[in-house]
Every structure is written in C-alpha cells, then in structure tokens.
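According to UniProt numbering, the sequence shown is numbered sequentially starting from 1.
Built from N, CA and C at the ideal position, the CB exists for glycine as well.
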Amino acid sequence: MGRYRVRVVTGAWLFSGSVNLVRLWLVGAHREARLELQLRPARGKEEEFDFDVAEDLGPLQFVKLHKEHTVVDDAWFCNLITVQGPGMSAEAVFPCYRWVQGEGILRLPEGTARLAGDNALDVFQKHREKELKERQQTYRWATWKQGLPQTIAADCKDDLPPNMRFHEEKRLDFEWTLKAGVLEMGLKRVYTLLRSWNRLEDFDQIFWGQKSALAEKVHRCWQEDELFGYQFLNGANPMLLRRSTSLPSRLVLPPGTEELQAQLEKELKDGCLFEADFILLDGIPANVIRGEQQYLAAPLVMLRMDPSGKLLPMAIQIQPPNPSSPAPTLFLPSDPPLAWLLAKIWVRNSDFQLQELQFHLLNTHLVAEVIAVATMRCLPGLHPIFKLLVPHIRYTMEINTRSRTQLISDGGIFDQVVSTGGGGHVQLLTRAVAQLTYCSLCPPDDLATRGLLRVPSALYAQDALQLWEVTARYVNGMVHLFYQSDDIVRGDPELQAWCREITEVGLCHAQDRG
Numbered sequence: 001m002g003r004y005r006v007r008v009v010t011g012a013w014l015f016s017g018s019v020n021l022v023r024l025w026l027v028g029a030h031r032e033a034r035l036e037l038q039l040r041p042a043r044g045k046e047e048e049f050d051f052d053v054a055e056d057l058g059p060l061q062f063v064k065l066h067k068e069h070t071v072v073d074d075a076w077f078c079n080l081i082t083v084q085g086p087g088m089s090a091e092a093v094f095p096c097y098r099w100v101q102g103e104g105i106l107r108l109p110e111g112t113a114r115l116a117g118d119n120a121l122d123v124f125q126k127h128r129e130k131e132l133k134e135r136q137q138t139y140r141w142a143t144w145k146q147g148l149p150q151t152i153a154a155d156c157k158d159d160l161p162p163n164m165r166f167h168e169e170k171r172l173d174f175e176w177t178l179k180a181g182v183l184e185m186g187l188k189r190v191y192t193l194l195r196s197w198n199r200l201e202d203f204d205q206i207f208w209g210q211k212s213a214l215a216e217k218v219h220r221c222w223q224e225d226e227l228f229g230y231q232f233l234n235g236a237n238p239m240l241l242r243r244s245t246s247l248p249s250r251l252v253l254p255p256g257t258e259e260l261q262a263q264l265e266k267e268l269k270d271g272c273l274f275e276a277d278f279i280l281l282d283g284i285p286a287n288v289i290r291g292e293q294q295y296l297a298a299p300l301v302m303l304r305m306d307p308s309g310k311l312l313p314m315a316i317q318i319q320p321p322n323p324s325s326p327a328p329t330l331f332l333p334s335d336p337p338l339a340w341l342l343a344k345i346w347v348r349n350s351d352f353q354l355q356e357l358q359f360h361l362l363n364t365h366l367v368a369e370v371i372a373v374a375t376m377r378c379l380p381g382l383h384p385i386f387k388l389l390v391p392h393i394r395y396t397m398e399i400n401t402r403s404r405t406q407l408i409s410d411g412g413i414f415d416q417v418v419s420t421g422g423g424g425h426v427q428l429l430t431r432a433v434a435q436l437t438y439c440s441l442c443p444p445d446d447l448a449t450r451g452l453l454r455v456p457s458a459l460y461a462q463d464a465l466q467l468w469e470v471t472a473r474y475v476n477g478m479v480h481l482f483y484q485s486d487d488i489v490r491g492d493p494e495l496q497a498w499c500r501e502i503t504e505v506g507l508c509h510a511q512d513r514g
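Here's what the structure looks like:
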C-alpha cells in the first residue's frame, strides 16, 4: 500500500495533442491495481502521474495497458513505462516500444533481462512462451527468389507488422531525400538534353549539386593511377582487394611481357603484390536497356604497393581466358592514355556491381533481415540477446521491403538503369550466397584472410578493426553477464532455436557452407 508514481514516455502519436484515456494495471506478485490515465502525448514527451493504492501489491511483475478506442483510432507508440512505489530502491522499468491501439490489453513484463526457465509455474516463462507464439504468427518467412536468403512475408511495406514500419520522421526524411535525388537527376537530364558528349570534360555538365571535399578531390584526380589504387583500400568497396600469395591462374601474360612477369614475381616475393578479381561477374547476362544491349566485364587487377604505401596498378585483364576465344588483352599503364583509362573505367563499373549487390545488398541488408526476422520469431522481449539486438533491427524490414518493390523488383530501378538488371543481379546474388561465410562478415578474420592487417595505408581496415574492438568489448561484457560457459549457451532453448532459424531457415542451410 502507498503512493505509486507512473511515468509514461511516448515515442510517437498519430495525432499529437489529442487527449486519450488509457487504462493501466499494476500487476504485483500479490494482487493488481487498476488506474486510469488521461494522456496528451507528443513524440518524445514524458508524463507523470501519482496514485494512492490501498493494498500491498508485492513486487511488481507486469504493467497491463489498454487504450480506449476512438472514432479515429489514434495509435500511440509507447516507448516505456516506469513505476516508483513504496519500498522500491529504484523505479521498475517496463519497456514497450510498440504501437498501442484501441483493441485488447497489452501485457508488459518488468524489463530485467532473464534467460528461459524450466518452471512451468513461472509467470515470466508463461508470458515469453505466449509472446513467441503470437510473434511467430505475425513474423513469417517468405521466399523472394529461389536460392537467396529468406525474407519477411510482405508484398509491400503496408503488409509489414506496424512495429516494423518507419516512424513519421524517418519516413519523411527517407522520402524527401529520395525525391530530392530524383529531382536533381531530372534537372540534369533537362540541362544536358540538347548537348553532345564528345570529351571527358563534358561530364562536368552533370557535376553540380551537392558536393563535398572528397567529391571535389575525386573530380580532380579520378584519372590518376594513385587514386585508382587508393579506392581499393579505402573507397566505396574495400572488400575485394587481397594480398597475392601466387600469380593468379587466370592471368595470361602474352609474349613480349617478360619484363612485366619478372616485376610481378619480384613484388610477389617481397609481399607487395595485390589483386582484385571480379570473377564473380563472369558469365552473368547483361541487361538490355531501352532496346540497347549492355555489357559486363569480369576484370582482374594486379597492383603493387610502393615503399610509401601507395597502391598502384600494374596490369588489368578485362575478361578471364576462354578456350574458344583468343587470349584476353592485357592493359598496362604504358598503353595509350585513353586505352588505359577505359580499362580502369571498366574495373570501376564492375566494382559498382559487386559493391551494390554482394557487399551491400546481400552482406548487409539481406543477412540483417534474416537476423531481424529470426530475432522476432525466436527471442522474447525478456531475452538478453533480444535486448542487445532490437535497437539495430528497427527499420531493417521496411527498408528491405521497399528495396524489393522499387529497386531490385521486376521493372525496378536496377532493371531500368543498371547493367546487371534484368535478372543478372539475381544470378550474381545467388553466386555470392554460395561464397558467404560467417568469417567473411567479421573484419578481423576477413582482413587476415585477405592479408590486409598491418598495412599502414589501409585506413578502412584500421577503422573497421577499431570499431569491431569497441563493439566486441561491449557485446562480450553484456553476453558474459548471462553466459559464463558453453554449457549455458547449449542449454538455452531460445538461443539455440534462434541460431537454427538463422542458419537452417533464413540462410537456407548455411551451416553446411561455413
């Protein structure tokens, strides 16, 4: 018995400022008390209420919520509720982080993380089992394309569970950024419509709009070999470069290149030879855009690192050798300037395809979606790993669903403007899935495999390792609070179900592929 102070923190409200009646029950180990709150919430707003309760509730276990239904259902996104009561050394926290609408009663357990128990009479155990059963009906798997990771079952963003949708601020930011980009491209299209493109300098016609110091530097130096090599270390796609351990078998050195072969072997012996092989693109069908056939290359780039740390290209092979064709041309820095520049442009084009599809779409978006769906299906809100992950998967399902309906869909942006569109992008993704391993997603393992540790000019590698170390230190500290031994990991049925759901279901038996 005594006075209870209830604090309500709102994340969003469809009609800010409107008064809504919310019924709230404080559920203790002994009994429960019903309260009524009149909320006038707005995003980020906190409201406090004091109540006198005549009976001893015992230790608080749950808060139950019901928002009265109005003519226009004014959905409320509640972040959390805290309660400070008699005999409590600290306020009890009841995380919500979901939409509360005028139907049913929402039951929120006290937020302290805990592993699953085997006591059937445990009220928290009953709650987590019921929660998972409901979530598995809401979050269902679907196949977007055969051979690719499973996705959330949603044909469009409106089919997604409400708690996975963009909030208004996020939605407006996303959509206005998209519209601004489309408007800029449209203006540039109109501006260049009647102008011809005869020289490289004509590209300046579209180099205006939003700029940065880095963009200006690339604009000045994009033809230089030094920047070309630098981009493999620290550009948009630093994931392909590796230190050579032998001369690649696909590298065909034609007669008259004995000097080049000797230089390659010397750099190899000194540990200064590097390569970027785009073989994943070999044989991928190219798109046809507005009736015009597009083309794809599968280059091999050989580079050397000079004593100052600069990575410089030595040779470019645009396509791998084919028994039914003449030996592929080898392009060298000593070639006519435009021939050498064109070879580097083909490399950058291929780099774009792999960066967008393999390393960005697959390794981040699609893998993250598998983890997000498995987390919602297998880990209840009280599970420590759920608490650790859930802030990072908040918008994953909507951004990916938008991508599947607008970017990589049939007739989408990839089909309209990208060389790998029209189905080639799906084939490329399927090949990339077959190469995906857990270690390839972990910077210390990936960088070690590629021979890029302790390379002073590899700035991406240094930053990635520092971020990994900070993240790992935090995650290890949190995880060790609950898992002090492998036996506890093995004995956690929810965690084991989560692992199986990721590897055997979401990633289509990835446990067989490392």
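Counterpart residues of residue i in DSSP-defined beta bridges
i	result
residue 142	151
residue 4	51
residue 445	The partner list for residue 445 (beta bridge, DSSP) is empty, contrary to what the question assumes.
residue 10	78
residue 28	60
residue 36	23
residue 269	Paired residue(s): none; residue 269 is not in a bridge.
Unbroken alpha helix (DSSP H) run spanning residue i, endpoints
i	result
residue 371	367-378
residue 277	Counting along the chain, residue 277 falls outside any alpha helix (DSSP H), though it belongs to the beta strand (DSSP E) covering 273-277.
residue 156	Per DSSP, residue 156 belongs to no alpha helix (DSSP H) and is neither H nor E.
residue 497	493-500
residue 352	337-354
residue 187	168-192
residue 165	Taken as a continuous stretch (DSSP letters only), residue 165 belongs to no alpha helix (DSSP H), as it is neither H nor E.
residue 109	Run containing residue 109: none in the alpha helix (DSSP H); it sits in the beta strand (DSSP E), 106-109.
residue 221	213-221
residue 424	424-435
residue 226	225-234
residue 468	459-480
residue 388	384-389
Nearest candidate by alpha-carbon position, reference residue i, set the options
i	options	result
residue 78	56, 87, 43	43
residue 75	221, 35, 100	100
residue 509	248, 436, 127, 90	436
residue 201	471, 315, 222, 398	222
residue 69	105, 83, 35, 46	105
residue 300	288, 289, 286, 332	332
residue 239	305, 285, 252, 355	355
residue 156	399, 447, 22, 493	399
residue 150	488, 429, 457, 483	429
residue 455	124, 243, 193, 22	243
residue 87	194, 56, 348, 293	56
residue 368	53, 152, 28, 13	152
residue 505	191, 374, 90	374
residue 452	274, 378, 514	274
residue 50	21, 2, 459	2
residue 515	27, 54, 11, 137	Limits of the chain in this structure are 1 at one end and 514 at the other, which puts residue 515 out of reach.
residue 303	326, 228, 177	228
residue 358	386, 431, 172, 319	431
residue 67	102, 179, 143, 215	102
Whole-angstrom distance between residue j and residue i, CA atom to CA atom
i	j	result
residue 469	residue 443	10 Å
residue 475	residue 388	8 Å
residue 165	residue 328	50 Å
residue 296	residue 278	11 Å
residue 8	residue 37	10 Å
residue 465	residue 473	12 Å
residue 370	residue 237	23 Å
residue 390	residue 372	8 Å
residue 488	residue 498	15 Å
residue 196	residue 362	38 Å
residue 289	residue 272	41 Å
residue 402	residue 225	38 Å
residue 139	residue 439	28 Å
residue 122	residue 481	22 Å
residue 230	residue 309	10 Å
residue 89	residue 160	40 Å
First and last residue of the uninterrupted beta strand (DSSP E) at residue i
i	result
residue 303	300-305
residue 317	311-317
residue 404	Run containing residue 404: none; DSSP gives neither H nor E here.
residue 508	Run containing residue 508: none; DSSP gives neither H nor E here.
residue 94	92-100
Pairs of beta-carbons, one from the segment 89-103 and one from the segment 57-69, closer than 8 Å: are there three or more?
yes
Does the segment 374-383 come into contact with the segment 107-119, if we say contact requires no fewer than three beta-carbon pairs (one atom in each stretch) closer than 8 Å?
yes
Meets three-Cβ-pair contact criterion under 8 Å: the segment 253-267 and the segment 307-321:
yes
The segment 281-288 touching the segment 418-428, judged by at least three CB pairs closer than 8 Å:
yes
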